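First comes the structure, then the notes that go with it.
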Amino acid sequence: MCIVERNHVPSEGRVWHPADTIKPAPKKPGATEIYRPDILKTIEARIAELNPELRALSLDIHAHPELKFEEYHAHDVLTAFMDKHGFKVERKYHLETAWRATFSHNSGGRTIGINSEMDALPGVGHACGHNLIGMSGVAVALAIKTALEKHDISGSISLLGTPAEEGGSGKVKLLDKGAYEDMDVCLMCHPAPGPIGSVSLSSSLAVRSVAAVYKGHTAHAALSPWEGRNALDAAVLGYNNISALRQQLRPTHRVHGIFEGKDWAPNIIPDYAKFNCIVRAPKVTEMRETAERVSRCFEAAALATGCEVEITVNAELSELRQNPALGGEVANIILNKYGDIDYEWGISSASTDFGDISFALPSLHPGFAIPTVKNGGNHTTEFAKSAATIEAHNATLDISKALAATGIRVLLDDKFFEDVKRTFDEAKE
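Encoded structure:
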């Protein structure tokens, strides 16, 4: 999950259990009858059959962490896997490490889109569990394929391998290149800390990535410092300005960042400093308002230090719009078969490039809980270890079954699909 900054904290020294959650999740008595339980049984059987292969695939990706747009190993093993299982595979699809695997049964029918993320994080490997997300996309696609064939359902599958979720906006680049145009809906999932056995349908935050580059003038830091214009001082002052601004920001907004420098030495006044900053808020409109206030913090720092500043927007992503009809179907399956549903924890204070996909077509991106330790949430070495556990693997398979069954209902149930489209259109208003 792109640049996550919050954790749910379990009790010291043990995994989080459902009793640790502050607000109880909805209970199973609220569930209604499952749509086509016979097809769900087919999906469960197929995923159980594939389980050893899926486990090996996930661990292989986990053991070979690759940064954004460098997912060459993951690209190769995932495409080989889909090729082996009867999909038409397009390697290097629009981007060097993206790919697409498609399958159709009969003519006509709708197309279920699925996403498999692949990239890792600098220094901490698969600390956001993208090995599980990549494996989940494969599991969903193969389960739907089996259901199409066994129950003679007309429809198509389009599984995208999406690189560079972590700071590269890979899905947005693929969206701009038309990679999502054939899809009627798009499905994926994401691991997070939370009550074990539960799935979250929370949203996520809109985000803007901004770089403020300060340019000053070098000087001897002891002999003649008055000749210099200190770019590092400007960056630090910009940081402090933002710290003061936070007192007047809404508690749902986030601003955070890091410094970068080049050719720094303690006896030279720095003439260059860069502040990489991230601004988030629940809605893209709110985020932009806060980002403008942050930019004024940067400008004030330049004015105070006599430096020049160049402010660049590197990326902007929308908040996540969970489709209510798709979410309701997943929730009902989970409550009936696999656990509980929550609408608050999960990925609510993180951000994802899937947000833009959810604005383009009906989409669902549930979070699912995997075992974690205290302070071991997303983007930590502890979470990377959690992403390789058998408990995390099994949780991934459960949410994959629910997603596959939801995709089947999109293909078969015209009234349900009308609800999917209606609720998507209503979210635009």
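Numbering (my numbering), first residue to last: -5 to 423. Idealized CB from N, CA, C, for every residue including glycine. None of the values given here were measured: they were computed from a predicted structure.
Minimum C-alpha distance to A398 - residue among K82, G107, P59, H79:
G107
Rounded to the nearest angstrom, what separates H69 and G155 at their Cα positions?
7 Å
Determine the extent of the alpha helix (DSSP H) in which N235 is found, giving its start and end residues.
225 to 239
Out of A121, Y208, C183, which has the shortest C-alpha to C-alpha gap to A296?
Y208
Between E6 and the rest of its own chain, which residues show a CB-CB distance below 8 Å, the 5 nearest in sequence each way excluded?
A caution first: E6 carries a pLDDT of 30, below 50, which makes its placement in the model unreliable, though a value can still be read off. So the qualifying residues of the chain are K368.
Buried or exposed, going by whether 16 or more other CB atoms sit within 10 Å of the CB of L314?
buried
Helix, strand or coil: how does DSSP classify Y174 here?
coil
Could you check what DSSP says for K86 in three-state terms: helix, strand or coil?
coil
Per the contact definition of three or more C-beta pairs closer than 8 Å, is the segment 248 to 260 in contact with the segment 178 to 188?
no
Per DSSP, which residues does D336 bridge with? Please list them.
S194
Cβ-based burial, I55 [other Cβ within 10 Å; buried from 16]:
buried
Note down, in chain order, each residue of its chain lying with its Cβ closer than 6 Å to the Cβ of P18, except the 5 sequence neighbours on either side.
The predicted position of P18 is uncertain, since its pLDDT is 34 and thus under 50; a value taken from the coordinates is nonetheless stated next. Nothing listed; no residue qualifies.
Supposed close pair N372, A121 - CB separation, criterion 8 Å:
7 Å
Inter-residue CB distance, L72 and V132 (contact presumed, cutoff 8 Å)
7 Å
Do you know how far the Cα of T284 is from the Cα of G191?
36 Å
Per DSSP, what kind of secondary structure is C271 in: helix, strand or coil?
strand
If we count the other Cβ atoms within 10 Å of its Cβ and call it buried at 16 or more, is I127 buried or exposed?
buried
Return the chain-ordered list of same chain residues with a C-beta closer than 6 Å to the C-beta of S289, the five sequence neighbours on each side being excluded.
I305
How would you label I33, buried or exposed, when you count the other beta carbons within 10 angstroms and need 16 or more for buried?
buried
What number of angstroms, rounded off, separates the C-alpha of L329 from the C-alpha of S203?
37 Å
Report the option in E60, T279, M129 whose CA atom is closest to the CA atom of D113.
E60
Could you spell out the range, first to last residue, of the beta strand (DSSP E) harbouring C183?
That residue, C183, is in no beta strand (DSSP E); it is neither H nor E in DSSP.
Can at least three beta-carbon pairs, one atom from the segment 28 to 43 and one from the segment 412 to 423, be found at a separation below 8 Å?
no
Taking the C-alpha atoms as reference points, what is the distance between D77 and A173?
19 Å
Just confirm the distance between the C-beta atoms of G119 and A378, as a whole number of angstroms; I'd bet it's less than 8 Å.
5 Å
Within the same chain, show all residues whose beta-carbon is closer than 7 Å to that of G232, passing over the 5 residues directly before and after it, in chain order.
A206, F269, C291, F292, A295
Of the choices N261, G251, I263, whose alpha-carbon is the least far from that of M274?
According to the sequence as given, residue 274 is Arg; it is not Met. The shortest Cα separation from R274 among N261, G251, I263 belongs to G251.
Quick check: K395 and E38, are their CB atoms within less than 8 Å of each other?
yes
With distances taken from CA atoms, which of P365, P245, D347, A363 is nearest S357?
D347
Tell me whether the beta-carbon of R244 lies closer than 8 Å to the beta-carbon of S343.
no
Report the option in G361, L320, V278, G349 whose CA atom is closest to the CA atom of Y337.
G361
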